[in-house]
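*Asks:*
Numbering (the working numbering), first residue to last: 1 to 660.
1. Can we say the region 508-523 touches the region 595-607, given the rule of at least three CB pairs closer than 8 Å?
2. Sorted by chain position, which residues of the same chain lie with C-beta nearer than 7 Å to residue 58's C-beta, five sequence neighbours on each side aside?
3. Are the CB atoms of residue 392 and residue 363 within a distance shorter than 8 Å?
4. Can you grab the Cα-Cα spacing for the pair residue 185 / residue 217, in whole Å?
5. Quick check: is the beta carbon of residue 12 nearer than 8 Å to any beta carbon in chain D?
6. Going by C-alpha distance, which of 22, 295, 34, 197 is nearest residue 423?
7. Let me check understanding here. Comparing Cα to Cα, which of 175, 135, 173 lies closest to residue 165?
8. Are three or more beta carbon pairs between the region 281-296 and the region 247-258 nearer than 8 Å?
9. Measure the alpha-carbon distance for residue 545 versus residue 619 and round it to whole angstroms.
10. For residue 5, which beta-bridge partners are listed by DSSP?
11. Are the region 227-236 and the region 160-179 touching, with three or more C-beta to C-beta distances below 8 Å?
12. Should residue 128 go down as buried or exposed, given a rule of 16 or more other Cβ atoms within 10 Å for buried?
13. Can you pull the DSSP bridge partners for residue 439?
14. Does the distance from the CB of residue 104 to the CB of residue 84 come in under 8 Å?
15. Of the residues 591, 571, 507, 520, which one's Cα is nearest the Cα of residue 665?
16. Using 8 Å as the Cβ pair cut-off and three pairs as the minimum, do the region 96-113 and the region 256-268 touch?
17. Apart from the five residues on each side of it in sequence, which residues of its chain come closer than 6 Å, Cβ to Cβ, to residue 236?
18. Considering only C-alpha positions, which residue in the set 197, 206, 396, 81 is nearest to residue 219?
19. List the residues that DSSP assigns as beta-bridge partners of residue 588.
20. Within its chain, find whatever has a CB closer than 7 Å to the CB of residue 124; leave out the 5 residues flanking it on each side and keep chain order.
21. How long is the line joining the alpha carbons of residue 60 and residue 467, rounded to whole angstroms?
22. Answer with buried or exposed for residue 45, where buried requires no fewer than 16 other C-beta atoms within 10 angstroms of its C-beta.
23. Between which two residues does the alpha helix (DSSP H) containing residue 85 stretch?
24. Could you spell out where the alpha helix (DSSP H) holding residue 567 opens and where it closes?
25. Going by other Cβ atoms of all chains shown within 10 Å of its Cβ, with 16 needed for buried, is residue 12 buried or exposed?
26. Please state whether DSSP places residue 417 in a helix, a strand or coil.
27. Run through the DSSP bridge pairs and tell me what residue 427 is partnered with.
28. Have a look at 616, 189, 584, 565 and flag the residue whose alpha-carbon is nearest the alpha-carbon of residue 598.
29. What does residue 624 pair with, by DSSP beta-bridge criteria?
30. Taking the continuous beta strand (DSSP E) assigned at residue 231, which residues delimit it?
31. For a test of the three-state rule: what should DSSP assign to residue 325, helix, strand or coil?
32. Between the C-alpha atoms of residue 17 and residue 81, what's the straight-line distance to the nearest angstrom?
33. Counting only runs of 4+ residues fully inside the region 255-306, write out the alpha helix (DSSP H) ranges in chain order.
34. Taking the alpha carbon of residue 574 as the point to measure from, which residue in 522, 623, 518, 615 has its own alpha carbon closest?
35. Can you confirm whether the region 447-454 touches the region 21-35 when touching is taken to mean that 3 or more C-beta pairs between the two stretches lie within less than 8 Å?
36. So, are the CB atoms of residue 8 and residue 71 less than 8 Å apart?
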């Protein structure tokens, strides 16, 4: 039994600062605890996003796991898409184990929640706008149509504050949006166009994104913030600090909330939940959009200190160092994409990962888990988790890594990840390996920084390439099985079929077999959006070999040529003898830039195998190569073009031979 606790965090939207701030606080609380923290980006079932995001919800079937001790739900990240009753229904598989919701109560037996009190914050903001800036014509932007409990609570707190300042409810106008920038911008634009103006001197929004969307719409119509209209948001996100003008807002201290929800679950696991204070207050942050800070000063803001006095403070944005760090991270993405695009099939991708991951900052560990068979997942169907999962490979920054030829299988309902030395505790991401409607398995990342969205991008890139590599390898292996000369055939018809595509002398594909399987490889590669090479290889001086040493030696030279090509090319490449000493190859995913290096490799193999096979001469090959793509994928034409390219090299060979 593990001597550490496994805690799962469920969140729905990594693009919002709400999630990032909470995760920072959760990670901070557990950093010195004996805890394995698993963050899971779930999205939602039954909802087919543009990126098939429902595939991410399948990970919850893995998280309903005997090894998990407790769950933290960032419920606010789900509230823009689901009512809380709907969320509770989705979380039913996790009942019976400790579950804590951040800031929103859930009607799940035994669950706990932290809470946020926004009444005092709105009271201070409305009082400030009325008494310091003379505002009396208010508009409030809610997201009540999303069934968000938080939006309703914020609107109620705002209305209580308005009433306390002597403003009647009938004097306040309400706009109902959905927590997003774009929809709010369009809504305010439509209102101004219909009304011919904007008759308010203050707008308060239930989150920063809607406040910023409102500001963008006002700017389009020449309405100035804060001169004409004061605008206040809620959340104190990074966007509030960096917008123009900077946004006055209400801070709910997401970092502190994250710490609190983490502390509450940890205390619950040890029977001490009554010792934790679970309610937090909010505080106003006054910046340029309400007129408290000059437009020339984007680094300062006003906030209340512990004694209740309004003090000027400076933003904690680190500026240049953040930009340098981000540039380095995006450089890693560029490298990752380049290497994986060259890898092609699944085996090549897995082999390349240990060389790529060391360049990705703050990633400490990576493990790849595969289902035995590809599983088709649909938005409206429950995902059936298989009873066995296979650990395919793992990499660790401490130098431990392994690609497992014989996969280690385990039951994913009993453990999310089998024991791997040094990976008991810390912060991990769980991410599905999926492409289109298919599920292939999942990945585990261990990381040490808070670039959650960036690491999600890394994982999505790797997931896409592994998925497509699996499909590509499966197709190539399927084709290879059809012409595998060592396969024991049970019928005469199959025997004859095999012989019809096999070259009798060399044992590789003959002309018919090459064009049959080569065309399939090119077509499938193009279907996946991949390019590759078609190569033509011709032996130099075969006629002279036949004339000098006889046709038996010539045949041995041709067989050696076939061995060289099979040795130098990959298992999923299609190699065939077209005629005589002419061979053609289809190499999916191979870039044209590698051909020069490849010629050196072939020359070395020619020397080694000529000697090994006892040839009286060292054979050499002329190689021509052309790239195929979706606009040039006719195999016969490509072979002809590669032959022409090979002929140029052969003429150079003969010129050099004459000079000698």
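The beta-carbon is built from N, C-alpha and C at its ideal position, and this holds for glycine as well. Bear in mind the structure is a predicted one, so any value in this text is a computation, not a measurement.
*Replies:* By the coordinates alone:
1. Touching, no.
2. Locating residue 58 in the chain shown gives position 58, counting from the first residue. If we look at residue 58 and ignore the five residues flanking it on each side, its Cβ neighbours are 377, 383, 432, 439.
3. Translated into positions along the chain shown, residue 363 becomes position 363. Translated into positions along the chain shown, residue 392 becomes position 392. Going by C-beta atoms, residue 363 is not nearer than 8 Å to residue 392.
4. Within the chain shown, the letter at position 185 stands for residue 185. Within the chain shown, the letter at position 217 stands for residue 217. The alpha-carbon atoms of residue 185 and residue 217 are separated by roughly 5 Å.
5. Among the chains of the structure shown, chain D does not appear; only one protein chain is present.
6. Position 423 of the chain shown, counting from 1, holds the residue named residue 423. Comparing Cα-Cα distances from residue 423 to each of 22, 295, 34, 197, the minimum goes to 34.
7. For the purposes of this step, residue 165 is taken as the residue at position 165 of the chain shown. Checked all of 175, 135, 173; the closest Cα to residue 165 is 135.
8. Under the three-pair Cβ rule at 8 Å, the region 281-296 counts as touching the region 247-258.
9. Start at 1 with the first residue of the chain shown, and residue 545 comes out as number 545. Start at 1 with the first residue of the chain shown, and residue 619 comes out as number 619. Near 9 Å, if we compare the C-alpha coordinates of residue 619 and residue 545.
10. The sequence position of residue 5 within the chain shown is 5, counting from 1. DSSP lists 35 as partners of residue 5.
11. The answer is no - the region 160-179 does not touch the region 227-236, with fewer than three Cβ pairs under 8 Å.
12. Here residue 128 is taken as the residue at index 128 of the chain shown, counted from 1. Buried: at least 16 other Cβ atoms inside 10 Å.
13. Taking the chain shown and counting its residues from 1, the one referred to as residue 439 is at position 439. Bridge partners of residue 439: 375, 434.
14. By 1-based counting over the chain shown, the position of residue 104 is 104. By 1-based counting over the chain shown, the position of residue 84 is 84. Yes.
15. Given a span of 1 to 660 for the chain in the structure shown, any question on residue 665 remains unanswerable.
16. As far as the Cβ criterion goes, the region 96-113 touches the region 256-268, which means the pair count is three or higher.
17. The sequence position of residue 236 within the chain shown is 236, counting from 1. Excluding positions up to five away in sequence, the list reads 249, 251, 285.
18. In the chain shown, residue 219 corresponds to position 219, counting from 1. The shortest Cα separation from residue 219 among 197, 206, 396, 81 belongs to 197.
19. Position 588 of the chain shown, counted from the first residue, corresponds to residue 588. According to DSSP, which records beta bridges pairwise, residue 588 is partnered with 532.
20. Within the chain shown, residue 124 is the residue found at index 124, counting from 1. 284.
21. As a first step, residue 60 must be located in the chain shown, where it is residue number 60. As a first step, residue 467 must be located in the chain shown, where it is residue number 467. Here the alpha carbon of residue 60 sits roughly 20 Å from the alpha carbon of residue 467.
22. Here residue 45 is taken as the residue at index 45 of the chain shown, counted from 1. Residue environment for residue 45: buried (at least 16 other C-beta atoms within 10 angstroms of its C-beta).
23. Within the chain shown, the letter at position 85 stands for residue 85. First-last of the alpha helix (DSSP H) with residue 85: 84-90.
24. Reading the chain shown from its first residue, position 567 is the one you call residue 567. Note, residue 567: alpha helix (DSSP H), 551-568.
25. Position 12 of the chain shown, counted from the start, is the residue given in the question as residue 12. The Cβ neighbour count for residue 12, taken over all protein chains shown within 10 Å, is at least 16; the residue is labelled buried.
26. Here residue 417 is taken as the residue at index 417 of the chain shown, counted from 1. Reduced to three states, the DSSP call for residue 417 is coil.
27. Locating residue 427 in the chain shown gives position 427, where the first residue counts as 1. Answer by DSSP bridge pairing, in chain order: 37.
28. Residue mapping note: residue 598 aligns to position 598 of the chain shown, counting from 1. Among 616, 189, 584, 565, the Cα nearest to that of residue 598 is on 565.
29. Working through the chain shown from its first residue, we reach residue 624 at position 624. DSSP output for residue 624 lists 536 as bridge partner(s).
30. Reading the chain shown from its first residue, position 231 is the one you call residue 231. Boundaries of the beta strand (DSSP E) around residue 231: 230-232.
31. Taking the chain shown and counting its residues from 1, one reaches residue 325 at position 325. In this predicted model, residue 325 has a pLDDT of only 47, less than 50, meaning its place in the structure is not dependable; the value taken from the coordinates is given anyway. Of the three classes helix, strand and coil, the one that applies to residue 325 here is helix, per DSSP.
32. Position 17 of the chain shown holds residue 17. Position 81 of the chain shown holds residue 81. Going by the C-alpha atoms only, they are around 17 Å apart.
33. List check, alpha helix (DSSP H) in window: nothing returned.
34. On the chain shown, position 574 is the one that residue 574 refers to. Ranking 522, 623, 518, 615 by Cα distance to residue 574 puts 518 first.
35. Yes, since at least three Cβ pairs between the region 21-35 and the region 447-454 fall closer than 8 Å, the two stretches touch.
36. Residue 8 sits at position 8 when you count from the first residue of the chain shown. Residue 71 sits at position 71 when you count from the first residue of the chain shown. Yes, they are a contact pair.
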